[in-house]
Amino acid sequence: MARPQRHDDSAHHFLLLLGLLLLLPSANAASFSTLCGSTPPRDLQHSHGAHRAIPSSITAGHFSGGRDLHFARDRPYTRALSFHPRGSSARATSDPAVKHLSATLTLEGTRARFGRRDRDSGRPHSVSFDLDGYYYNYTTAASTAEAELCMVGSGSYAREDGFGVVLLPDVVLRLHLPQPSNLSRPFVTGSVEGAGFDPIALLAYAEDAYAYGKAGSCPPPPVPVRAGAARPALRSGHYSCHHLRALLRSSYSLEYRPNEHDHDGGASSSSFPLRLRHGIMYVNQMRCGFDGAVRAYMVFYANQSVASPSSNYTAVGRRTFVIGDEALVADGFWDPSRSQLCLRACRVASSGSKSPADLQVRECGIGVRFWLPAVWSIRDRSIAAGMIWNATGNSDAGNTAGVISVSTTGSYMGSLSGVSYNYTRVEEAKKHYDSIPALSKERKGRFPGNYSYRDFTFPFLLVKQGLPGYAWPVTIGSAMVEGDEMMADTAFSQHVAAEANKQRLLNVSYSLEYQVASGNLSANVSPLKMSPQLQRVSAEGVYDITTGSLCLVACRQVTNGSSDCDVLVTFQFAPVSPVEGERGVGTIKSLRKQSDPLFFEAMDFVSYGMTVRQIEESSSRMDMESIMLVVSMTLSCVFTALQLRHANKQPEALPAMSVTMLVVLALGYVTPLVLDLEDMYTDTRRRRYILQLTSAGSLDLNEFMLRASTMLALVLQLRLLQLALSSRRSTDQVGSKQEVSSSSSSDAERSTLWICLPLYVLGAVVVWIVHMSDGHHHGPRASSFSAFSTPSGPALVDDLAAYAGLILDGFLLPQVVSNALSGSRVTALSPWFYAGGTVIRAAPHVYDVFRKHNYVLPGWNWKPTAYVYASPRDDLFGVAWDVAIPCGATLLAALLFLQQRLGGAFLCCSKSRRSGSGEYEMVSTTTISS
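No gaps in the numbering here: position 443 of the sequence shown is 583 in my numbering, and each next residue is one more.
Below, the structure is given as structure tokens:
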């Protein structure tokens, strides 16, 4: 699944750039001699060739520390650094070994939420440093090149509220760069110190010239490989390995194959360099040299984490440099004759300091090789597979103290041309299918078949644990549908349609990923609070195209790196056009005896996805709703402009307009702008869902037009409010008759405020009580499991936003109350304004009724994310509300019409002009008319 790109950081980066520009004059304010402890040499005017000695940009780096810079502590895997020298070359100095240069250092991650240490908001956060200093490149007595960089300057980052920047003076950067880097010295290390924050440790994968060592030898791959899948290509003498990097830079599961002399499994043998019994390996970094030379950085984790470091990026889209429980650095070559990558490696471990970024290269003598299997099966579906072994002494991969087999995990979105699939468990799956009558029972409706392979993909939810999962096909019949989508579409249309017409049962293979709660479930503990673990399952079996039933024999990964292949997965798809409430249901159960250690209780699950046709219909509906939203806001601008024209023609209308009503309308336009601003910093499920279903161009255009029209409506409303307030002040300065009128309208306005404001506050309190009583405040939090998280109950801000929509539905209430108290019969509001506004507020409820009858998606339970117009976040919707709100808004408009025709006193009491005591008496409509 493609990760949606972030486009909302421009304002944030603009503030940082502005801060840096303000700091440029003071970049050298701190003395270089004081901070770096040396006196820089004199600069020369000519600097030809100087740029060849300075370090290039650094993009693969990690930092730790800097607690006072507000980076989130619980997301260290999102931390990244980048270092970019400014200008095309450095300036030479009087010392040939010293160069003068300027650069920008940027630290990126996520921002910690103040007062909430249990979780952070996930908002992007970056700190930029503008630096100037000197690069020292000397050769030691041992004839090894040592290079150091010391720079001073200032830094800045955006404030939490987004307004203004925080300045960081007197910053010093120190970097130690291996010249050249090699297997024993692969890292750039350094630190950043300054006033106002704790020291920051830096670690980066060296990107300058690399000295490859002597290549080792590897035996041939043990399985058939994809010939030419990653054949090296020469471009102007440079080796291009873009495709090879895409194939190999991934996550791998590990399986230990101990030698018979090892009693502990080989992982902790004294003859095997790796110390920990790891479960997952990530090829995190890969670089290529000339003629097939390759170097790589691999990290190991003892357990699979829910948030996979292999797929983590910074908030601005840059892949991070991760630090695991242990790591390997390796270099070697690509062997095109065997389609194999052969590497020699050294173990990397922490030096024992408190900083996790302080890594040192330890013992070497480790052999690593990767190859690209050409045949997949239920047990091996690796894009790339490999082996790690002890290469010291006179041994090879077949005679070692311990061997680790590695294979890629997860799905692959690239080309899989040349890969074939070998079904090995289909006959066993057919026997289970025949033994379960419910699977072969005839069912009504049409099920996924020959329309699209995407109809076979479905997210699901484990019923008891409430945890999410996802299932996708690898092969359907003879068609490979894993990998590149265009090739999958072609293979599906060419093969599956013909095969489905010839046979009822299709051979299929699937991959499943889901979360399982570790430990025993109890009634008092939520599954999401029990550290759920990611479970991967590979399966194959049969699919009945007439009943929509799947029956699969599966293999699941277990904790020790081996597989449990005695698992049965059954699933019954919902029809393509289901009736309300109908969903796909399935079961994952063990075929082992209950006494077996690998036995587990059966897990029922339900699907909540949509078919391709439903997605197309939903996409079309949401595009239409976006247009309707823009049109309604544009009409609001038109009606407000007509009200301004009305006030200009009838000056007596301005003092009679209710200020409370105008304030409510102004706040109604401010609310969506504030909520949109919040969505810019919190990547909500609604925005991700819309980005997946609609074209980015039309969405961006609609959003721009919506925000522009909302801003225009707000400006016009504020102008109307300003004129109303000015008219009240101006009438206080003229004749006595107008003073009485102004006093009367002011008294009526104060009374209106005292009536409406408590009513609004009381409604908000009721919403809060209902929200708390429904349990939304302690509902399950969304899991961090990619895009398969299930939604929790609406947040309090969403309920209050919906209540604010109800207040807007009755925007005429303050004007009606004010007219009733003052007895005014002035035509304060234009019919276009109050009648048009009433239609705009009632239209979403009429559309909601239409949508419920024409866009029924019973299998889709993410309702808050599927609405653009008439969203539950914007108003209260439901059968009762859809009737009551339009009726109530129409009633207020009718009352206002009668008040402006007959006078406000036909509803209430008016202050008697004949009563000097200020008592109230009834005034009849006839008297007013006469």
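Glycine is no exception: its CB is placed at the ideal position from the N, C-alpha and C atoms.
The structure presented is a predicted model; accordingly, all values stated were derived computationally and were not measured.
- Checking the DSSP bridge columns, you'll see Cys504 has no partner listed.
- Under the DSSP assignment, Gly472 falls in the beta strand (DSSP E) whose first and last residues are 466 to 475.
- The region 612 to 624 and the region 462 to 482 do not touch, with fewer than 3 CB-CB distances between them shorter than 8 Å.
- For the set Cys896, Trp894, Leu897, Ala787, the Cα lying nearest the Cα of Thr967 is the one of Ala787.
- The beta carbon of Ile340 is closer than 6 Å to those of Phe203, Gly205, Gly206, Val332 in its chain, skipping five residues each way along the sequence.
- When Cβ pairs closer than 8 Å are counted between the two stretches, the region 421 to 440 is seen not to touch the region 550 to 568, the count staying below three.
- The closest CA to that of Val363, considering only Leu731, Arg965, Ser547, is found on Ser547.
- Between the region 726 to 735 and the region 700 to 712 there are three or more inter-stretch CB-CB distances shorter than 8 Å, so the stretches are counted as touching.
- Collapsing the DSSP output to three states places Lys729 in a strand.
- The closest CA to that of Leu1038, considering only Glu567, Asn959, Thr218, Val515, is found on Asn959.
- Pairing Glu680 with Ser390, the inter-Cα distance amounts to about 24 Å.
- A straight line joining the alpha-carbon of Val910 with that of Arg1013 spans about 16 Å.
- Runs of the beta strand (DSSP E) lying entirely within the region 552 to 579 and spanning at least 3 residues: none are present.
- When only Cα atoms are considered, Phe223 and Arg594 end up about 42 Å apart.
- Only buried fits Val365, as 16 or more other CB atoms lie within 10 angstroms of its CB.
- In the assembly as shown, Ser760 is an exposed residue. Its beta-carbon has fewer than 16 other beta-carbons within 10 Å.
- Around the beta carbon of Asp301, a 10 Å sphere encloses fewer than 16 other beta carbons of the protein chains shown; the residue is thus reported as exposed.
- Per the coordinates, the alpha-carbon of Ala514 lies some 30 Å from the alpha-carbon of Tyr352.
- The shortest C-alpha to C-alpha distance from Pro476 to any of Tyr900, Leu794, Cys381, Ser393 is the one to Cys381.
- If one requires a minimum length of 3 residues, the beta strand (DSSP E) runs lying completely within the region 271 to 350 are 285 to 298, 305 to 319, 327 to 334, 337 to 345, in chain order.
- DSSP places Cys691 in the uninterrupted beta strand (DSSP E) bounded by 689 to 697.
- For Leu247, DSSP records a beta bridge to Leu221, Val267.
- Put simply, of Glu347, Asp471, Cys504, Gly472 the residue whose alpha carbon is nearest the alpha carbon of Pro320 is Glu347.
- Nearest to Arg263 by C-alpha distance, out of Asp270, Arg251, Leu271, is Arg251.
- In the displayed model, Pro359 falls within coil according to three-state DSSP, outside both helix and strand.
- The continuous beta strand (DSSP E) containing Asn647 extends over residues 645 to 656.
- Between Phe337 and Leu209, the C-beta spacing is below 8 Å.
- The residue among Glu653, Leu241, Ser618 with its C-alpha nearest the C-alpha of Val636 is Ser618.
- Val804 carries a helical assignment under DSSP once its states are collapsed to helix, strand and coil.
- Taking 8 Å as the cut-off, the beta carbon of Tyr650 is found no closer than this to the beta carbon of Phe461.
- Cys381 sits in coil when the DSSP states are folded into three classes, being neither helix nor strand.
- For Ala975, the CB contacts under 7 Å within the same chain, skipping 5 residues up- and downstream, are Ala1033 in chain order.
- Asn641 carries a helical assignment under DSSP once its states are collapsed to helix, strand and coil.
- Per DSSP, the beta bridge partners of Met743 are Ile728.
- Here the alpha carbons of Leu245 and Arg991 stand approximately 52 Å from one another.
- Within 10 angstroms of the beta-carbon of Pro1026 lie 16 or more other beta-carbons, which makes it buried.
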